[in-house]
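In this note's numbering, the protein residues as written are 33 to 332. Ideal Cβ placement from N, Cα and C applies to all residues, glycine included. Just below is one structure, and these are the notes that go with it.
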Amino acid sequence: MTGTRKHTALPKAQILIEALPWLTRHHGKTVVIKFGGNAMVDEELKAAFAQDVVFLRHAGLKPVVVHGGGPQISRALETHGIVSEFKAGLRVTTEDAMDVVRMVLAGQVQRELVGLLNRHGPLAVGLTGEDAHTLTAVKHQPEIDGELVDIGRVGEITEIDTGAIEALLADGRIPVVSSIARSQDDHHVYNVNADTAAAALAAALGAETLMILTDVEGLYEDWPNSDEVISRLTASQLEKLLPELSSGMVPKMEGCLHAVRNGVNTARVIDGRVQHSILLEIFTDEGIGTMVVPDEQGES
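Structure follows, in structure tokens:
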């Protein structure tokens, strides 16, 4: 009996010990996690995500979750008979569509996530960028073929007030932020890309790490010819690659670039289809996904 117990318990102890240097390094640090992709729709992945975030909190880190809700918004717009149109990779958001976006993000996706986290204790508090002036934005007009295009109530962040989030973190809570911003110049709200919002918040909070969950393994070396994932690259290396990336990856990688150029130590794109990918990324030597780091001194 003792023999069997020793064999099953030892690997568990080794796994815990491997996590020790990472636990020490990350203790008390803020981590901003963008929740998205399959992890948002698959029940098992959702539950595993909530466990990971609560684990980080109990391991002495300060997680902040930022979410969008692309698939849920598309479904709700369809139900309301509103056609989804995309320009320059962004959802065209009319006034009618904005009401639905706000309802889905703050009233459905955020509530569900807060509920999953709070199965583990009175931890999560939901807010949107409108609360306490957390996110302020102006109208974003992308350029397509040299022309500025009107895509409705889509915002570009101009200002961040981290006061409410910092107060929640100081109180041991887990802030869950919906990517909606108050308007700087009228009384409406804006739909903001959640990758961009997460990156801007990570920089404003002086986070240790930004993690963006996606439905791919990371940034591929030479897609579609190879599925080798680039495991680490510097800000400058990433900047050179940006023009070649697929449209869905651009806001994610631009977010990583913005974060590491503005004081965040590492930004990572990780595969949200892998259960517990967040823990694997933060507490093991075999990090998964792609990690972006600031340029070394003297490198441009």
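{"Check": "Among 186, 319, 58, the one whose alpha carbon lies nearest that of residue 250", "Outcome": "319"}
{"Check": "Touching by the beta-carbon criterion (3+ pairs, under 8 Å), the stretch 204–221 and the stretch 86–99", "Outcome": "yes"}
{"Check": "Test item: CB-CB of residue 102 and residue 244 under 9 Å", "Outcome": "no"}
{"Check": "Residue 227 and residue 266 closer than 9 Å at C-beta", "Outcome": "no"}
{"Check": "Where residue 330 sits in the DSSP three-state scheme", "Outcome": "In this predicted model, residue 330 has a pLDDT of only 44, less than 50, meaning its place in the structure is not dependable enough to derive any value."}
{"Check": "One or two residues paired with residue 333 in a DSSP bridge", "Outcome": "Outside the displayed range of the chain (33 to 332) lies residue 333, so it cannot be described from this structure."}
{"Check": "Option in 111, 116, 193, 248 with minimal Cα separation from residue 280", "Outcome": "248"}
{"Check": "Per-residue DSSP class, three states only, for residue 295", "Outcome": "coil"}
{"Check": "Runs of beta strand (DSSP E) lying entirely within the stretch 37–91, each at least 3 residues, in chain order", "Outcome": "62–67"}
{"Check": "Cβ of residue 288 within 9 Å of any chain B Cβ", "Outcome": "Protein chain content of the structure displayed is limited to a single chain, and chain B is not contained in it."}
{"Check": "Spatial distance of residue 331 from residue 114 (CA atoms)", "Outcome": "Confidence at residue 331 is low in this model, with a pLDDT of 49, below 50, so its placement is unreliable and the value that follows should be read with caution. Near 49 Å, if we compare the C-alpha coordinates of residue 114 and residue 331."}
{"Check": "Local conformation of residue 179 per DSSP, three classes", "Outcome": "strand"}
{"Check": "Neighbourhood of residue 182 by C-beta distance below 7 Å, restricted to the same chain and skipping five residues each side", "Outcome": "173"}
{"Check": "Close beta carbons around residue 138, own chain, < 8 Å, minus the five adjacent residues each side", "Outcome": "158, 160, 210, 212"}
{"Check": "Meets three-Cβ-pair contact criterion under 8 Å: the stretch 127–135 and the stretch 189–203", "Outcome": "no"}
{"Check": "Proximity of residue 167 and residue 94 at Cβ, strictly below 9 Å", "Outcome": "no"}
{"Check": "C-alpha distance - residue 322 paired with residue 44, whole-angstrom precision", "Outcome": "27 Å"}
{"Check": "Boundaries (first-last residue) of the beta strand (DSSP E) holding residue 264", "Outcome": "264–266"}
{"Check": "Under the three-state DSSP convention, the category residue 309 falls into", "Outcome": "helix"}
{"Check": "Backbone secondary structure at residue 30 - three-state DSSP", "Outcome": "The shown model of the chain, from 33 to 332, leaves out residue 30, and the question about it has no answer."}
{"Check": "Span separating the alpha-carbon of residue 107 from that of residue 219", "Outcome": "27 Å"}
{"Check": "From 188, 312, 98, residue whose alpha carbon lies closest to that of residue 156", "Outcome": "98"}
{"Check": "C-alpha distance - residue 170 paired with residue 40, whole-angstrom precision", "Outcome": "57 Å"}
{"Check": "Short Cβ contact (9 Å threshold) for residue 71 with residue 151", "Outcome": "no"}
{"Check": "Rounded C-alpha distance that separates residue 57 from residue 286", "Outcome": "26 Å"}
{"Check": "First and last residue of the uninterrupted alpha helix (DSSP H) at residue 415", "Outcome": "Any answer about residue 415 is impossible in this case: the structure gives the chain only from 33 up to 332."}
{"Check": "Sequence-distant residues of the same chain with beta carbon closer than 6 Å to residue 225, five excluded per side", "Outcome": "283"}
{"Check": "Backbone secondary structure at residue 105 - three-state DSSP", "Outcome": "helix"}
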